[in-house]
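A.B. asks: Here the sequence shown stands for residues 5 to 158, where the numbers follow my numbering. Dropping a structure here in structure tokens format, bear with me for questions.
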Amino acid sequence: MIYGKDIIPELLSLRSANNVEIITEDVIERAHREVIPKPKDSVRSRDVIVALCKERLTDQLLKELRKKGPLNYKGATIRFFPDLSLEASKRRQERELTVANCRFSWIYPTTILVIKNNKKFKAKNSREAELMLQSMGISSPERIQEQEQEPEGE
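So this is what it looks like as structure tokens:
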């Protein structure tokens, strides 16, 4: 199991191309696990969230990590993603559905209804949405982002 506090030394060891420290201890605002119920052992682990005080450093860190590829920590591959607002995630999902010629509507508060080839699909959370997109043959936005960040040859 990887804890947020365990990731900090790994982040502190990262250096830019010209060997300058990217992250120092004083710019890490907080590090913690995603605040959701602990998944069963057979399910993926919860995300670790590391918040930095300065957005510029976050951008620089993500840029350096994209160059380096996935970080390995105690045998686990760690990938980094920018924090996206709920609104940005919704827009990304909507774009994928539009490209796939699907009609959709949002049902208050968090359910999406999708119609493709006269079949109705519903998702109430991100996991259901990912499974729904897979069943329709559409890559989820998270999977597309992972594919974009994977180094060549994987």
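In this text, a Cβ means the ideal position worked out from N, Cα and C, and glycines have one as well.
Between the beta-carbon of Glu38 and the beta-carbon of Ala55, is there less than 8 Å?
C.D. replies: No; because the gap between Cβ atoms is not below 8 Å, this pair is not in contact.
A.B. asks: Within 10 angstroms of its Cβ, does Val103 collect 16 or more other Cβ (buried), or is it exposed?
C.D. replies: It is exposed - the Cβ of Val103 has fewer than 16 other Cβ atoms within 10 Å.
A.B. asks: Would you tell me roughly how many angstroms separate the C-alpha atoms of Ala80 and Leu101, rounded to the nearest one?
C.D. replies: Going from the Cα of Ala80 to the Cα of Leu101 covers about 32 Å.
A.B. asks: Measure the alpha-carbon distance for Arg96 versus Ala35 and round it to whole angstroms.
C.D. replies: Cα-Cα distance, rounded: 26 Å.
A.B. asks: Please classify Ile111 as buried or exposed, where buried requires at least 16 neighbouring CB atoms within 10 angstroms.
C.D. replies: When all chains shown are included, Ile111 counts as exposed.
A.B. asks: Note down, in chain order, each residue of its chain lying with its Cβ closer than 8 Å to the Cβ of Ala133, except the 5 sequence neighbours on either side.
C.D. replies: These residues qualify, in order along the chain: Gln97, Ile116, Ala127, Ser144.
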